[in-house]
Amino acid sequence: MRLNLLINLVIRDLKIRYRRPALGFLWAFLAPLLTVLIFYLVFARFLKVKIAEAPFTLYLMTSIFSWGFFQGSLSASVTCLMDSRNLIKEAKFPHYLIPVSITLANAINFLPVLIILVIISFFWLRGLPVFILALPLVLAIHLAITAGMSIILSILYVRWRDLKYVLDAALALLFYLTPVFYPLALVKDSLPRKLFLLYLANPFVGILNFYRTCLLKGFYGFVREDAGLPEMAAVPLIFALLVLSLAAWFYAKQKDRINDYLSY
Amino acid sequence: MITSPTEIKRPNTAQGTVELSGVGKKYPAQGKLADFWALRDVSLTVSGGEVIGIIGRNGAGKTTLLNIIAGILSATEGKAALGGRALGLFNLGVGFQDELSGRENVFLNAAILGADKPEIEAKFGAIVDFSELGDFIKMPLGTYSQGMRLRLAFSIVANLEFDILVIDEVLAVGDALFQNKCFERLMDFRRAGKTLIITTQSMELIERLCGRAALLDHGSLVAEGEPRQVVNRYRALLNSEKFFVGPERKAEKLFTDTKKWADDVSSWGQKLGAKEAVIDAVKMFNRLGLSCNRIKSGEPLKVRVDFSARDIVKEPHFGVAIFRADGVYCYGPNTEFDGCRIPGLKKGRGWFELRFEKVLLAPGEYRVSVAIWDKKETLAYDYHNGYYRFSVRGDNPASELLRLPFKACLARQGLEQSQGGKGKEKDVFMTNEPVEIEVLSGPVSIFRDDGILCQKITIPSAGGRRSRIIFPWLALLPGKYKIFPEGGQPRDFRMVFNRPDHGTVYLRHQWKWGQAR
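So the sequence lines, in the order shown, correspond to chains A and B.
The first sequence: position 150 = 150 (the numbering used here), numbered continuously.
Heads up: take any position in the second sequence, counting from 1, add 1000, and you land on the numbering used here.
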């Protein structure tokens, strides 16, 4: 029903981001390409880091950009109701459209990166895994989790302004609890079996493995025995449904009170 | 007191009704502050097509009420039921984004207000036309003035579909032409049977536009009904309370500056004010007690003002201000500055008089403002701004402002500028202090800091010996001045005073007032 407003909010976000730079939306392609170049020079040429799963540059790229999308969305969303209070105080509309629009804008920003990843991966590994067909699914799950968390955080922040700093710390912790820059095998070798299973329960472990399975040819073989495709998809999917239900319940409970706290 | 809402029935008004029953809004406790009820038990029924004005002092709960009607805030208790789509116009298009162009903002804003894309596209031309922004619509909103923002905000709302429109004190910003246009558009809405709910401090707008008015005070509905009656009730309310309580003045403080210019020369000749007390007649009298507005410099002048109080007025104060024809503020005493406390005016006729002992102004044309103020000079009951004239006879070739009394004689010692008696050189003087100035030769000019010539003093040549100019009392009011001996170096000096005042020169005066039994 408020689809038009959501579209306009997403457009606003993207326009504000890309209006002034001369290269505009091209930066959504250029910025990740530059990062890839740096990673390649540092890790492949200079440090010569090698892991079994895939070329380290590719391994890092698949995780660092999707993590960036997640972290960027949450960081921008947490204060978004306060930031947009002028907008909110103008008319009655569902508040959650604002964090959702920010998540969507970040997702749109993330799409060029995925395209670049698919292309580089195709040429580097001489082909793509069949799981590439599941890429939309993992993206959808990731988006749902991010949007749901954004909604919850943005509402919480209206009442609890310490949240911004707590979130920064929590995201930093989560970053290390997720195999962004280290291989899963390293964790498996160093943790007892029970703790490792707990580690696998982190939905973002599943998300990252899922992204890599879809993008990196031959990667699935390394995680198959610990987290097969059903588990890999199920943990994040269940988590996404939980987060979305929690967001819906929380919003319904708080929606009449949010505006009271927006003035100060 | 809650008055029961009167039903005003109009044809084809199934849409656009607003039904508030026992609405209250509580803002939760913050730190040491207790819970705050911005609204309590407000019941109001607005029929479709009605135009209703909500009035009340700042902080009375008007905006909160409008927010609840527009659905932006939810009521803590009670119910607000609307019969149709409500749009709100608050705070000059608050949702605007400076980075986006006017056009993009129209689309975003209209989307927030609930319009879908086809509706916005269909109305876009009309919105731009109405806003009169022309090609500015392509510019980023950051480049717009406040007035342009308001025009755009009003244009968007005014061109969308709605049943109920809520407008919160926003129409006072645009220029007169656009205000007129807004007013006409509001009249169109009224004719089209839309429900309008407005708040404004313009009682004129309430009386012209609204069929009904409601008065809010401290979150409660205290009166409701025919606009004129409710507006009168509001004025009575304003009277009965102190409008503004500022910090008490400290007596020991020295004042270092005064107001030196009229606020706005172009508004001279206007009568302003809330008219609880009105000035009926102002007359000026010369030294012989004859009604006359031509005097000679240094002569007395009496200003007599007859007024009538339409209501009881608490702690008023009277003020008279004299300006030169170009807006230079000469002197503006009022009973508040002079410490003459007037406890209150009864309903009925009265008068006050201000008698200047010596008008130390140079020949020329002068304007007089006369006002009856509330205690803190925030609200004029009646204010005749630059409405009266008098002139000081004589020639004034150098365009001086003042004719301060002085004596000139030959100097005994080598001090250039000194205080009389003690003979100590200094450059800060108290208003009305005796001052001596030593100069080599004349003439000597005294300027205000902003370049206005106060007085040019010609002294007889003394054959190379220094001369002294003696002011028995230097009546300049606080501020910076320059003294300029011809052919010599200018020298700055400052005046301070132990009481506040307005203008350039202190003129000794007396107040009298009275009211018939």
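C-beta: ideal position from N, C-alpha, C; glycine also.
Only a predicted model underlies this, so the values are computations on that prediction, with no experimental measurement involved.
> Which residues mark the beginning and the end of the beta strand (DSSP E) in which residue 1373 of chain B is found?
Replying inline: Sequence index remark: in the second sequence, residue 1373 of chain B carries index 373 (1-based). Under the DSSP assignment, residue 1373 of chain B falls in the beta strand (DSSP E) whose first and last residues are 1364-1373.
> For the alpha helix (DSSP H) that residue 1467 of chain B lies in, which residues bound it at each end?
Replying inline: Position 467 of the second sequence holds residue 1467 of chain B. Note, residue 1467 of chain B: premise wrong, no alpha helix (DSSP H); beta strand (DSSP E) at 1467-1474.
>> In the DSSP output, which residue or residues are listed as bridge partners for residue 1353 of chain B?
In response: Looking up residue 1353 of chain B in the second sequence gives position 353. Residue 1353 of chain B is bridged by DSSP to B:1304 and B:1512.
> What residues from chain A crowd round residue 1074 of chain B, counting only those whose CB sits closer than 7 angstroms?
Replying inline: In the second sequence, counting from the first residue as 1, residue 1074 of chain B sits at position 74. Residues of chain A with a Cβ closer than 7 angstroms to the Cβ of residue 1074 of chain B are, in chain order, 256.
> Listing by chain order, which chain A residues have their CB less than 7 angstroms from the CB of residue 1117 of chain B?
Replying inline: The residue labelled residue 1117 of chain B in the question sits at position 117 within the second sequence. Result: 4.
>> Using a 10 Å radius around the Cβ and a threshold of 16 neighbouring Cβ atoms, would you call residue 1143 of chain B buried or exposed?
In response: As a first step, residue 1143 of chain B must be located in the second sequence, where it is residue number 143. Answer is exposed; the Cβ neighbour count stays below 16.
> Would DSSP call residue 1079 of chain B helix, strand or coil?
Replying inline: In the second sequence, the residue the question calls residue 1079 of chain B occupies position 79. Reduced to three states, the DSSP call for residue 1079 of chain B is strand.
>> Quick test of the definition: if touching needs 3 or more C-beta pairs under 8 angstroms, does the region 1332-1350 of chain B touch the region 1397-1409 of chain B?
In response: Contact fails: fewer than three Cβ-Cβ distances are below 8 angstroms.
> Using a Cβ-Cβ distance under 8 angstroms, would residue 1178 of chain B count as near chain A?
Replying inline: Position 178 of the second sequence, counted from the start, is the residue given in the question as residue 1178 of chain B. Output row for residue 1178 of chain B: interface = no.
>> Using a Cβ-Cβ cutoff of less than 8 angstroms, which residues in the same chain neighbour residue 1010 of chain B once the five nearest sequence positions on both sides are dropped?
In response: Taking the second sequence and counting its residues from 1, the one referred to as residue 1010 of chain B is at position 10. Because residue 1010 of chain B sits at a pLDDT of 43, beneath the cut-off of 50, its placement in the model cannot be relied upon, and the point is left open.
>> Just to check my reading of the structure: residue 1206 of chain B and residue 1055 of chain B have Cβ atoms closer than 8 angstroms, yes? What is that Cβ distance to the nearest angstrom?
In response: Working through the second sequence from its first residue, we reach residue 1206 of chain B at position 206. Working through the second sequence from its first residue, we reach residue 1055 of chain B at position 55. In this structure residue 1206 of chain B touches residue 1055 of chain B by the C-beta definition: roughly 6 angstroms separates them, less than 8 angstroms.
>> Going by beta-carbon coordinates alone, are residue 8 of chain A and residue 1162 of chain B separated by less than 8 angstroms?
In response: Translated into positions along the first sequence, residue 8 of chain A becomes position 8. Translated into positions along the second sequence, residue 1162 of chain B becomes position 162. 8 angstroms or more divides the Cβ of residue 8 of chain A from the Cβ of residue 1162 of chain B.
>> Check this for me: beta carbons of residue 1020 of chain B and residue 1078 of chain B, under 8 angstroms apart or not?
In response: On the second sequence, residue 1020 of chain B is found 20 positions in, with the first residue counted as 1. On the second sequence, residue 1078 of chain B is found 78 positions in, with the first residue counted as 1. Yes, the pair counts as a contact, with Cβ atoms nearer than the cut-off.
>> I'd like to know if residue 1018 of chain B contacts chain A, where contact means its C-beta is closer than 8 angstroms to some C-beta of that chain.
In response: Counting from one through the second sequence, the residue named residue 1018 of chain B turns up at place 18. Answer no: the Cβ-Cβ gap between residue 1018 of chain B and chain A never drops below 8 angstroms.
> Closer than 9 angstroms, Cβ to any Cβ of chain B: which residues of the region 83-95 of chain A, in chain order?
Replying inline: So the list reads 84, 85, 86, 87, 88, 89, 90, 91, 92 and 93, given in the order they occur along the chain.
> Can you find a CB in chain A that lies within less than 8 angstroms of the CB of residue 1107 of chain B?
Replying inline: The count along the second sequence starts at 1 and reaches residue 1107 of chain B at position 107. Residue 1107 of chain B counts as touching chain A.
>> Under DSSP, the beta strand (DSSP E) around residue 1021 of chain B begins and ends at which residues?
In response: As a working mapping, residue 1021 of chain B is identified with position 21 in the second sequence. For residue 1021 of chain B, the uninterrupted beta strand (DSSP E) run begins and ends at 1018-1027, by DSSP.
> What are the residues that DSSP puts in a beta bridge with residue 1052 of chain B?
Replying inline: Within the second sequence, residue 1052 of chain B is the residue found at index 52, counting from 1. Looking at the DSSP assignment, residue 1052 of chain B forms a beta bridge with B:1197 and B:1212.
> Alpha carbon to alpha carbon, how far is residue 24 of chain A from residue 112 of chain A?
Replying inline: Numbered from 1 along the first sequence, position 24 holds the residue referred to as residue 24 of chain A. Numbered from 1 along the first sequence, position 112 holds the residue referred to as residue 112 of chain A. If you take the alpha carbons of residue 24 of chain A and residue 112 of chain A, they lie about 13 angstroms apart.
>> Measuring only the C-alpha atoms, how far is residue 2 of chain A from residue 35 of chain A?
In response: Taking the first sequence and counting its residues from 1, one reaches residue 2 of chain A at position 2. Taking the first sequence and counting its residues from 1, one reaches residue 35 of chain A at position 35. Residue 2 of chain A and residue 35 of chain A: Cα-Cα distance of roughly 37 angstroms.
> Closest Cβ-Cβ distance between residue 260 of chain A and chain B: below 8 angstroms?
Replying inline: For the purposes of this step, residue 260 of chain A is taken as the residue at position 260 of the first sequence. Output row for residue 260 of chain A: interface = yes.
>> Quick check on this structure: which residue in B:1332, B:1324 and B:1177 has the alpha carbon closest to the alpha carbon of residue 1519 of chain B?
In response: Outside the shown range of chain B (1001 to 1517) lies residue 1519 of chain B, about which nothing can therefore be said.
> So does the region 240-256 of chain A actually touch the region 70-83 of chain A, counting three or more Cβ pairs closer than 8 angstroms?
Replying inline: Under the 8 angstroms Cβ criterion, the region 240-256 of chain A does not count as touching the region 70-83 of chain A, having fewer than three qualifying pairs.
> Nearest CA to the CA of residue 1215 of chain B: which residue from B:1408, B:1052 and B:1478?
Replying inline: The residue given as residue 1215 of chain B occupies position 215 in the second sequence. Closest in C-alpha terms to residue 1215 of chain B, from the list B:1408, B:1052 and B:1478, comes B:1052.
> Of all the alpha helix (DSSP H) runs that stay within the bounds of the region 1060-1141 of chain B, which reach a length of 4 or more residues?
Replying inline: Listed in chain order, they are 1062-1069, 1102-1112 and 1117-1131.
>> If you reduce the DSSP assignment to three classes, tell me which class residue 1274 of chain B lands in.
In response: Along the second sequence, read from residue 1 onward, the residue named residue 1274 of chain B stands at position 274. Looking at residue 1274 of chain B - three-state DSSP - the assignment turns out to be coil, as it is neither helix nor strand.
> If you measure from the beta carbon of residue 8 of chain A to each beta carbon in chain B, is any gap under 8 angstroms?
Replying inline: Working through the first sequence from its first residue, we reach residue 8 of chain A at position 8. Residue 8 of chain A counts as touching chain B.
> If you follow the alpha helix (DSSP H) that residue 11 of chain A is part of, which residue opens it and which one closes it?
Replying inline: The sequence position of residue 11 of chain A within the first sequence is 11, counting from 1. In the DSSP assignment, residue 11 of chain A falls within the unbroken alpha helix (DSSP H) covering 3-18.
> Going along chain B, which residues have a C-beta under 9 angstroms from residue 16 of chain A?
Replying inline: Reading the first sequence from its first residue, position 16 is the one you call residue 16 of chain A. What residue 16 of chain A touches in chain B: 1097, 1099 and 1100.
> For residue 194 of chain A, which of helix, strand or coil comes out of DSSP?
Replying inline: Stepping through the first sequence from its first residue, residue 194 of chain A is reached at position 194. Helix, per DSSP.
>> Please classify residue 1512 of chain B as buried or exposed, where buried requires at least 16 other C-beta atoms within 10 Å of its C-beta.
In response: In the second sequence, counting from the first residue as 1, residue 1512 of chain B sits at position 512. It counts as exposed.
> Near residue 1389 of chain B, what residues of its chain come up, given a Cβ to Cβ distance below 8 angstroms and the 5 sequence neighbours on each side ignored?
Replying inline: Here residue 1389 of chain B refers to the residue found at position 389 of the second sequence. The beta carbon of residue 1389 of chain B sits closer than 8 angstroms to those of 1293, 1365, 1366, 1367 and 1368, all from its chain and outside the five residues before and after it, given in chain order.
>> I need the straight-line Cα distance from residue 267 of chain A to residue 162 of chain A, nearest angstrom please.
In response: Since the displayed chain A opens at 1 and closes at 264, residue 267 of chain A lies outside it and no answer follows.
> Could you give the C-beta distance for residue 214 of chain A and residue 158 of chain A, rounded to a whole number, given that I count them as a contact under 8 angstroms?
Replying inline: Counting from one through the first sequence, the residue named residue 214 of chain A turns up at place 214. Counting from one through the first sequence, the residue named residue 158 of chain A turns up at place 158. That belief does not hold up - the Cβ atoms of residue 214 of chain A and residue 158 of chain A are roughly 37 angstroms apart, past 8 angstroms.
> In whole angstroms, what is the alpha-carbon distance linking residue 1068 of chain B and residue 22 of chain A?
Replying inline: Counted from its first residue, the second sequence places residue 1068 of chain B at position 68. Counted from its first residue, the first sequence places residue 22 of chain A at position 22. Take the alpha-carbon of residue 1068 of chain B and the one of residue 22 of chain A: they are about 44 angstroms apart.
> Is residue 1114 of chain B close to chain A, meaning its C-beta is less than 8 angstroms from at least one C-beta of that chain?
Replying inline: For the purposes of this step, residue 1114 of chain B is identified with residue 114 of the second sequence, where counting begins at 1. At least one C-beta of chain A is nearer than 8 angstroms to the C-beta of residue 1114 of chain B.
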